[in-house]
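A quick write-up on the structure given underneath.
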Amino acid sequence: MIAVYTAAVFVGAALVFLVQPLIAKQLLPRLGGSPAVWNACMVFFQAALLAGYGYAHAIRAIRDPRKAAGVHLLFLLVPLALLPLVIPREWTPGATWPPLWVLGVLSLSVGLPFVAASTTSPLLQHWFSRTDHPHASDPYFLYAASNAGSLLGLLSYPFLIEPRFAVSEQAQVWSVGYGAFLLLAAACAALLWKRGVKDQPSAAGGDAAEREPAGALASAAEVPAVDSRQRLRWVLLSLAPSSLVLGVTHSLSTDMAAVPLLWVVPLSLYLLTFVLAFSPRTRFLLRLNELGLPVVMLGLVLAFLTGAFDPLWLLVALHLAGLFMCALACHGWLAEERPPAERLTEFFLWVALGGVLGGSFNALVGPALFPDLWEYPLMLVLVALLRPGWRPLGAEPAQEEQQAPGEGREVPPAALYLTPIVLGAIYLLLERVIVAYGYESNPAVRLAQAVIPLLGAYLLSRRRFAFAFALAVLLCLPFAFPRDKATYGQRLHLERTFFGVHSVWEDDTERLLMHGSTIHGTQRSELGNTPLAYYTSRGPIGNVFKLLERDPRGRRVGLIGLGVGSLAAYGQPGQRFTFYEIDGTVERLAREYFTFLRDSPAEVEVVIGDGRLEVAKAEDGSFGLLVLDAFSSDAIPTHLLTREALELYLRKLQPRGLLAFHISNRYVDLKPVLSNLAFALGLTMRVRYDDDVTDEMRSIGILRSHWVVLAREPLHLGALLRHRAWKATEPRPQQRLWTDDYSNVLELMSFR
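If you read the sequence shown in my numbering, its first letter stands for residue 7, the second for the next number, and so on.
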């Protein structure tokens with residue numbers, strides 16, 4: 007019986023995690039990367055998940071679980087009419103506001119199947135609690151199975167399903183999975199009917215009783231009421247790790263390592279903590295984690311205070327460890343405070359609400375309110391506030407309320423509130439001394455500066471409010487009094503959008519724009535409008551513009567990706583350069599802090615929107631050169647590199663027009679993708695790896711760059727055919743051609 011229920015919960019949860027990337031892949035070519043669109047997707051799926059949990063709670067109004075099971079099985083049959091989950095090609099946004107179109111399409115195509123699959127965990131746990139099984143009074147172990155299924159679904163898509171199946175085939179795989187889930191749900195209902203139904207969940211005996219939460223063994227008549235304070239605590243204990251997983255992912259992928267699929271690791275750890283927290287016999291691990299939590303929190307504070315970026319592996323490990331321990335603590339406290347099985351569906355409804363609020367806080371509220379990733383440190387403070395107070399390692403559940411009865415509930419004395427303020431003042435005083443003596447760039451001095459405040463904060467760690475206040479004070483320091491990175495000089499501007507954090511930096515001679523940790527352009531005062539970074543005249547793209555210098559093809563140039571507008575420096579009188587940039591903030595920063603757009607001899611236009619969608623609006627045969635410069639960060643816009651995308655670009659090119667792709671990326675080699683596309687479309691391709699950059703060149707802002715050029719005929723490449731640095735390439739037959747129906751970034755990744 008347990009095996010059947012576990013399998014049903016496991017499969018249902020896996021299906022929930024597979025739906026979202028499957029549908030996103032179908033929408034991407036039609037809608038591009040607009041944040042309004044993808045925020046609409048996120049809001050829809052979170053609302054649908056909450057609706058599923060609400061349905062599971064509402065169906066309990068049918069007092070007889072056997073009748074409720076019959077009704078639910080009928081409900082699970084309805085989504086069969088919508089399978090496979092393929093959005094018809096004729097469904098296009100047209101003139102409809104894209105977010106509204108997304109909500110409508112998702113509601114019609116995947117709404118019912120997603121809600122049906124998401125009801126699994128709470129509803130089947132409720133069914134199980136009404137059987138005569140010995141463990142029926144504590145069905146929460148099935149929640150661990152649910153999160154294990156979510157973890158499998160998360161990992162199987164990028165590593166198993168996406169590399170092997172086109173989107174249409176993925177939809178068929180999901181349909182088969184839903185069929186299996188339906189059979190398992192029917193088997194669970196049959197067991198419910200066969201094994202009999204108790205009027206209310208009852209107590210468990212034996213080993214199960216040893217791991218029951220306080221009050222979980224109560225009979226129906228003794229089920230305590232749940233007050234608003236407890237419900238709020240459930241929401242907050244779910245909200246904090248939900249927000250943290252997004253904050254850590256953002257911090258790692260933009261500030262440290264722009265690695266594609268890096269988001270998989272934090273989310274996997276997040277789901278793993280659910281498995282551990284709701285699994286039996288993990289009390290010692292949870293208590294050990296609770297005792298170590300202040301140490302890892304202060305380690306994160308140290309990272310924020312010092313602004314350290316090296317050693318990278320240690321910082322990545324620290325942030326992941328912090329996420330794991332904070333999430334495990336919160337989910338462990340949720341498991342300890344879970345109600346009797348009679349209130350199971352209500353409990354999961356509040357937990358789901360917390361998850362929705364946490365995700366929305368990071369995705370919607372944070373970018374609108376905060377100039378930097380403030381929600382990450384805010385959630386660390388919230389976790390510290392949610393701690394139940396200090397408890398010894400060997401404390402038993404029955405003893406926990408008696409350990410240090412005043413701790414964690416009483417407001418600390420006023421002196422304890424002054425201590426964090428004094429610690430912050432000490433840190434700022436040491437900052438002035440360090441700057442006065444010129445030790446700003448000395449790592450050992452910076453470490454010593456942070457030690458005294460951190461030790462003081464640790465001494466407060468047994469006092470919940472005082473420790474949380476100390477964390478808040480120390481975490482405010484790097485945001486309220488920012489320390490400039492020695493590598494880039496003084497920070498002139500910091501701004502956050504839905505695409506990430508943009509910053510402008512300046513030293514004595516150079517100014518540069520960064521998106522997270524990726525340089526998006528630079529300009530030196532003594533060199534004026536000379537293009538630098540990846541765009542130098544001696545580099546690959548300089549060769550291309552040299553080729554078109556006196557060529558009629560150069561009169562009209564399209565460029566996807568703006569940066570600081572470096573390529574506008576190649577413009578000549580009588581030419582027209584049209585940049586396509588998805589983030590309007592980038593255009594504003596390029597005009598405000600750099601002069602390439604303003605001083606270009608060419609007529610320069612900037613169009614805000616997704617590159618592929620906006621280029622599609624251009625007149626056919628209009629461009630002599632189309633440059634695509636959008637592949638340097640962790641999020642590879644695969645919809646710009648498919649067969650359908652290249653066919654679009656070719657329609658917009660003049661007969662002798664050229665395509666130039668900037669493919670510099672620390673972790674992904676896109677050359678094989680373009681080689682196969684060139685072969686499939688009968689194009690001539692040349693690639694240049696400009697890696698011969700000396701220290702002297704780097705000192706004036708010249709960076710390594712990799713570029714690909716495509717043409718319909720070899721003769722259209724002119725002098726590039728005879729240039730020794732431009733190499734011919736061969737297709738890779740073993741690698742599948744990228745289309746709107748198939749792409750796979752994983753097989754292109756390398757960490758050399």
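Cβ coordinates follow ideal geometry from the N, Cα and C atoms, glycine included.
Decide if residue i is buried, meaning its Cβ has at least 16 other Cβ atoms within 10 Å, or exposed.
i: E516; result: buried
i: L21; result: buried
i: A472; result: buried
i: F505; result: buried
i: Y443; result: exposed
i: S531; result: exposed
i: L759; result: Not covered by the structure: residue 759. The range shown for the chain is 7 to 758.
i: W180; result: buried
i: F165; result: exposed
i: D589; result: buried
i: W356; result: buried
i: Q247; result: Note that residue 247 is Pro in the sequence shown here, rather than Gln. Looking at its Cβ environment, which holds 16 or more other Cβ atoms inside 10 Å, P247 is buried.
i: V108; result: buried
i: D698; result: exposed
i: P383; result: buried
i: T98; result: exposed
i: E609; result: exposed
i: W133; result: buried
i: A64; result: exposed
i: A454; result: exposed
i: E407; result: The predicted model places E407 with a pLDDT of 43, which falls under 50 and marks its position as unreliable, so this point remains unresolved.
i: W713; result: buried
i: V1; result: Any property of residue 1 remains undetermined from this structure, which presents the chain solely from 7 to 758.
i: P720; result: exposed
i: V254; result: buried
i: G560; result: buried
Based on Cα-Cα distance, which residue from the options lies nearest to residue i?
i: Y464; options: P145, L308, S670, A64; result: L308
i: V570; options: A454, I525, H63, Q740; result: I525
i: V656; options: F637, V621, S638, V679; result: In the sequence as displayed, the identity of residue 656 is Leu instead of Val. Comparing Cα-Cα distances from L656 to each of F637, V621, S638, V679, the minimum goes to V621.
i: C47; options: L324, V116, V357, F147; result: V116
i: L573; options: D605, W240, E381; result: D605
i: R728; options: R694, K73, L519, E753; result: R694
i: H521; options: L533, R344, L238, T503; result: T503
i: E649; options: R742, R692, M703, S152; result: Before going on, a small fix: residue 649 reads as Arg here, not Glu. Of R742, R692, M703, S152, the residue nearest in Cα terms is R742.
i: Y11; options: R36, A87, A150, D675; result: A150
i: L687; options: E653, F475, E296; result: E653
i: M7; options: L435, V457, L148, Y748; result: L148
i: T312; options: I708, R452, T700, S143; result: R452
i: A195; options: N368, A14, R559, D675; result: A14
i: R36; options: I642, E96, P345; result: E96
i: L89; options: Y433, Q178, L716; result: Q178
i: V49; options: P546, W269, G364; result: G364
Using three-state DSSP, classify residue i as helix, strand or coil.
i: Q405; result: For Q405, the predicted model reports a pLDDT of 45, less than 50, meaning its position is unreliable; a value from the coordinates is still stated below. Here Q405 sits in coil by DSSP.
i: M7; result: coil
i: V751; result: coil
i: T817; result: Residue 817 is absent from the structure shown; the chain starts at 7 and stops at 758.
i: T528; result: strand
i: R562; result: strand
i: Q26; result: helix
i: S115; result: helix
i: E381; result: helix
i: Q236; result: helix
i: E516; result: strand
i: E555; result: coil
i: F585; result: strand
i: T536; result: coil
Just list the residues that DSSP pairs residue i with in beta bridges.
i: V362; result: Paired residues: none, contrary to the question.
i: P423; result: Position check: residue 423 holds Tyr in this sequence, whereas Pro was assumed. Paired residues: none, contrary to the question.
i: R438; result: According to DSSP, which records beta bridges pairwise, R438 is partnered with nothing at all.
i: K733; result: V693
i: H508; result: E501, H521
Mind checking if residue i is an interface residue toward chain C, Cβ cutoff 8 Å exclusive?
i: R393; result: Of the chains in the structure shown, none is chain C; there is only one protein chain.
Minimum length 4: unbroken alpha helix (DSSP H) runs contained in the stretch 136-214
147-162, 173-201
Original post:
If you scan the stretch 592-661 from start to end, which runs of the alpha helix (DSSP H) of 4 or more residues do you find wholly inside it?
Top reply: 602-605, 617-621, 649-658
Q. At which residue ranges does the stretch 648-728 contain complete alpha helix (DSSP H) runs of 4 or more residues, listed in the order of the chain?
A. Listed in chain order, the complete alpha helix (DSSP H) runs (minimum 4 residues) inside the stretch 648-728 are 649-658, 677-687, 701-705.
Can you list the beta strand (DSSP E) stretches of 3 or more residues lying completely in the stretch 308-360, in chain order?
none
* Scan the stretch 43-125 and note each continuous alpha helix (DSSP H) run of 4 residues or more that stays entirely inside, going in chain order. => 71-83, 104-115, 117-124
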